[in-house]
Amino acid sequence: MDEIYDPLRRKNVARTPEEEVRQQVIRWLHESCGVSYARMESEVGFVYNRRRYRADVLVFDRALQPLLLVECKAPGVPLGTALVDQVLRYTRVLPVRYVLVTNGTTTHLLQRRPDGTAFDPCTTIPEGWLND
6 MDEIYDPLRR KNVARTPEEE VRQQVIRWLH ESCGVSYARM ESEVGFVYNR
56 RRYRADVLVF DRALQPLLLV ECKAPGVPLG TALVDQVLRY TRVLPVRYVL
106 VTNGTTTHLL QRRPDGTAFD PCTTIPEGWL ND
């Protein structure tokens with residue numbers, strides 16, 4: 006079985022198309038956005054409506070509160086409205102400010118409105134977002 010190293014879990018994991026996308030996002034967050042590995046976690050379990058789910062990647066703020074939720078899909082998996090709505094439901098349990106959904110080709114980035122009522126699409130993560 007082919008494997009790929011996950012620096013967040015500090016181990017080799019099975020190389021799947023979705024895992025390759027996850028590792029691309031982790032590298033981008035670390036190298037381009039300046040997020041330390043210590044402020045990221047992958048495969049974070051949580052419960053929503055009495056069912057267990059896992060967040061592909063969570064980025065935490067300085068107070069170690071969830072800041073960004075990342076959902077990764079394999080290339081070619083459509084990122085339709087139903088999928089984005091499903092991920093947004095997770096924010097009822099994970100009170101993040103940003104949501105990123107990607108299949109490695111298409112990416113949707115959303116930011117929570119200041120009043121906390123909903124999320125709006127945005128094109129970039131604002132400067133200083135890690136200091137929130």
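Numbering (my numbering) for the sequence shown: 6 to 137.
The beta carbon of each residue, even a glycine, is placed where N, CA and C say it ideally should be.
All of these numbers come straight from a predicted model, not from anything done at the bench.
In this structure, the beta-carbon distance from Val40 to Leu34 falls below 8 Å.
By the Cβ test, the segment 90 to 103 is in contact with the segment 48 to 61, since at least three Cβ pairs between them sit closer than 8 Å. Per DSSP, the unbroken alpha helix (DSSP H) holding Asp90 starts and ends at Thr86 to Tyr95. In the DSSP assignment, Val30 falls within the alpha helix (DSSP H) that extends over Pro22 to Glu36. With distances taken between CA atoms, Glu46 lies nearest to Gln70 out of Gln70, Thr129 and Tyr95.
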